[in-house]
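In our numbering, the protein residues as written are 5 to 214. All C-beta atoms, glycine included, are put in the ideal place defined by N, C-alpha and C. All remarks here apply to the structure that follows.
As structure tokens, then:
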């Protein structure tokens, strides 16, 4: 009988452990789902800023393929390309490349390219650049990123796709050249990728990352 309190304590501890694990798993599942939904909505908002909703009629979020080009897209990982169509016809391809040489690391971008090779626009999805300096790449803080609208490899020419400090046409920020230099290079490289592969992007079926 002297073992009975020990057994009861062990059973209670076991039950509390099971209950605690269940609560943690429940909270994790609900939190993960909520975070994923918030990320989906934020991405859709950015996509619709670049390609307005009245310009396409497909589900741009799921009409997606993945492409690879470490040199031009900034990463060895598959890069998503969201495809906008209207009445079945291609409208724009929105790439999510990396600018790998930001001041504080990778800068995640959305680069929307129209079928004629001109930019519908560029947005920054995530970065760790210095607040007050490098964060001027955000559309909420500055209109600098809007300067890509309508640009192409013909306007300006490829050799002029640099910040002014490097002899190009794009403005840099006071006290921060590395960040805009990285973004300009990444956008140019995305356009180079589109020039080489744009015709085939809409021929592939939607797929998951490999």
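Spatial distance of residue i from residue j (CA atoms)
i           : j           : result
residue 147 : residue 137 : 14 Å
residue 85  : residue 204 : 12 Å
residue 157 : residue 91  : 28 Å
residue 46  : residue 17  : 43 Å
residue 162 : residue 35  : 45 Å
residue 126 : residue 39  : 24 Å
residue 76  : residue 37  : 33 Å
residue 177 : residue 103 : 17 Å
residue 101 : residue 78  : 6 Å
residue 187 : residue 105 : 9 Å
residue 189 : residue 53  : 22 Å
residue 192 : residue 41  : 31 Å
residue 93  : residue 119 : 10 Å
Any non-hydrogen atom of the ligand GTP closer than 7 Å to residue i Cβ
i           : result
residue 185 : Judged by which ligands are present, the structure shown has none, so any question about the ligand GTP falls away.
Chain-order list of residues whose beta-carbon lies under 8 Å from that of residue i (same chain, five-residue window excluded)
i           : result
residue 80  : 72 and 74
residue 180 : 107, 133, 134, 137, 138 and 140
residue 89  : 60, 61, 62, 67, 95 and 206
residue 65  : 44, 47, 48, 51 and 86
residue 167 : 174, 175, 176, 181, 184, 185 and 188
Nearest-angstrom beta carbon gap, residue j and residue i [assumed within contact, 8 Å]
i           : j           : result
residue 82  : residue 70  : 4 Å
residue 99  : residue 123 : Not a contact, Cβ separation roughly 11 Å.
residue 184 : residue 173 : Actually they do not touch by this definition, with Cβ atoms about 12 Å apart.
residue 121 : residue 202 : 7 Å
Cut-off 6 Å between Cβ atoms - residues of its own chain near residue i, not counting five sequence neighbours on either side
i           : result
residue 142 : 128
residue 155 : 123
residue 145 : 139
Could you tell me which whole beta strand (DSSP E) segments of length 3 or greater appear in the region 80 to 166? 83 to 90, 93 to 99, 102 to 106, 109 to 118 and 123 to 130
When the Cβ atoms of the region 127 to 137 are set against those of the region 107 to 114, are three or more pairs found closer than 8 Å? yes
Three or more beta-carbon pairs under 8 Å between the region 184 to 204 and the region 114 to 126, yes or no? yes
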